[in-house]
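J.:
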Amino acid sequence: MGAFRFEAWPTEFQKITQYFGANPQNYAQFGLPGHEGIDIRAPTGSRVFAVAAGEVFRVHTDASSHNYGIHIRIQHQDDYKTVYGHLESVNVREGQIVEAGQMIGYADNTGNSFGSHLHLTLKKIGVHYPPWPREIIDPLPFLLPLLGWEEPAGPYIEGWIMTAALTRNGNLAQVNAGGATLRVTQDYSAEVPSGTIVIVTGEHPTFTKVKA
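So this is what it looks like as C-alpha cells:
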C-alpha cells in the first residue's frame, strides 16, 4: 500500500455494512462489476470524518444530481483520493486542507441510496484493475488496521474451520472465544487459539476455508 494509510475511521460506528465488490446484480446497471466502495454504518445526522490528511477538491451539494448525492472528494498523498457519499450536509469547502479525523460532514441517505450510511470510495491515480473502472481500488486493506486486524504473514497452513467459530470481516476472520479446530486433511487437525486472525479463502454452509 505504500506510505499512505488511513489514520482515522470515517464514521462514529466501526461497522461495515457492505463490502467492495458485493451485490454485482445491483451494480451492473451502472457498468460496474460490483459495489465500488465500502458502506459503513452512519445514521442520519451522525458525523463523518476524513480518513487521512489532504485537500478537498470537490464538494457536491446537489442531493439529486449524482448517485452519491451530497458528497465530498479529498486528494491525499501518493495520488490517493477518497469519496464520502450520501451525506446530509458538508462542513468543508473546495480547496480546504483537512487533517485525519477532522469532521467533514454529516451522514444521510442522499443520492442513490437505501437507508442512511456512509459510502466510501478509494481511488489511486494511474491504477487500473480490470474489470473495475480506472483508479478504483478496494478500501478494505486500509480500514482493517483501524479495527486492529492485519493480514497475517506466512507461512500458512490451509484448512477448514467451522463458520460458527469465526467472526468475519471481509477476507479476514478472527477465531472466537474458546478457539477452533483447523481441519487440514482427513487425518490431521490443528487447534487455533481464540483471537487468531486468519485469511478466508473459501466458503461452505457450515465450514470456512482459511489460511492460518
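Note that the numbering used here gives residue 1048 to position 6 of the sequence shown, counting from 1, and the numbers run on in steps of one. Yeah, the Cβ is synthetic: ideal placement off N, Cα and C, and Gly gets one too. Small disclaimer: the values here were computed from a predicted structure and weren't measured.
Taking the C-alpha atoms as reference points, what is the distance between residue 1074 and residue 1171?
T.: Along the sequence shown, read from residue 1 onward, the residue named residue 1074 stands at position 32. Along the sequence shown, read from residue 1 onward, the residue named residue 1171 stands at position 129. Answer to the nearest angstrom: the Cα atoms are 12 Å apart.
J.: Just grab the DSSP bridge partners of residue 1225 for me.
T.: Here residue 1225 refers to the residue found at position 183 when the sequence shown is read from its first residue. 1202, 1231.
J.: Where does the unbroken alpha helix (DSSP H) through residue 1067 begin, and where does it stop?
T.: Locating residue 1067 in the sequence shown gives position 25, where the first residue counts as 1. 1066-1069 is the span of the alpha helix (DSSP H), which, as asked, contains residue 1067.
J.: Rounded to the nearest angstrom, what separates residue 1221 and residue 1188 at their Cα positions?
T.: Here residue 1221 is taken as the residue at index 179 of the sequence shown, counted from 1. Here residue 1188 is taken as the residue at index 146 of the sequence shown, counted from 1. Each residue's alpha carbon lies about 24 Å from the other.
J.: Going by DSSP, name the residue or residues bridged to residue 1196.
T.: Taking the first residue of the sequence shown as 1, we reach residue 1196 at position 154. Under DSSP, residue 1196 forms no beta bridge with any residue.
J.: Here's a check: name, in chain order, each residue in its chain whose Cβ is nearer than 7 Å to the Cβ of residue 1181, leaving out the five neighbours to either side.
T.: The count along the sequence shown starts at 1 and reaches residue 1181 at position 139. Once the five neighbours on either side are set aside, the close Cβ partners of residue 1181 are 1062, 1079, 1080, 1162, 1164.
J.: Pick from 1072, 1076, 1226: whose alpha carbon is nearest that of residue 1066?
T.: Your numbering for residue 1066 matches position 24 in the sequence shown. If you compare the alpha carbons of 1072, 1076, 1226 with that of residue 1066, the shortest gap goes to 1076.
J.: If distances are taken between C-alpha atoms only, which option among 1106, 1166, 1155, 1084 comes closest to residue 1123?
T.: Taking the first residue of the sequence shown as 1, we reach residue 1123 at position 81. That would be 1166, whose Cα lies nearest to the Cα of residue 1123.
J.: Does DSSP classify residue 1150 as helix, strand or coil?
T.: The residue given as residue 1150 occupies position 108 in the sequence shown. DSSP places residue 1150 in strand when its eight states are reduced to three.
J.: Got a sec, what are the start and stop residues for the alpha helix (DSSP H) residue 1184 sits in?
T.: Within the sequence shown, the letter at position 142 stands for residue 1184. Counting along the chain, the alpha helix (DSSP H) containing residue 1184 begins and ends at 1182-1185.
J.: Let me confirm a value: residue 1248 is counted as buried when at least 16 other C-beta atoms fall within 10 Å, else exposed. Which label applies?
T.: For the purposes of this step, residue 1248 is taken as residue 206 along the sequence shown, with counting starting at 1. Classification for residue 1248: exposed.
J.: DSSP three-state call for residue 1215: helix, strand or coil?
T.: In the sequence shown, the residue the question calls residue 1215 occupies position 173. Note: residue 1215 maps to strand in three-state DSSP.
J.: Should the stretch 1110-1118 be called in touch with the stretch 1131-1139, which here means at least 3 C-beta pairs below 8 Å?
T.: Taking 8 Å as the limit for Cβ pairs, the verdict is that the stretch 1131-1139 does touch the stretch 1110-1118.
J.: When burial is assigned at 16 or more other CB atoms within 10 Å of the CB, is residue 1099 buried or exposed?
T.: Counting from 1 along the sequence shown, the entry for residue 1099 is found at position 57. It counts as exposed.
J.: What does residue 1089 pair with, by DSSP beta-bridge criteria?
T.: Here residue 1089 is taken as the residue at index 47 of the sequence shown, counted from 1. DSSP output for residue 1089 lists 1148 as bridge partner(s).
J.: Nearest CA to the CA of residue 1140: which residue from 1238, 1060, 1241, 1049?
T.: As a position in the sequence shown, residue 1140 is number 98, starting the count at 1. Nearest Cα to residue 1140 within the set 1238, 1060, 1241, 1049: 1049.
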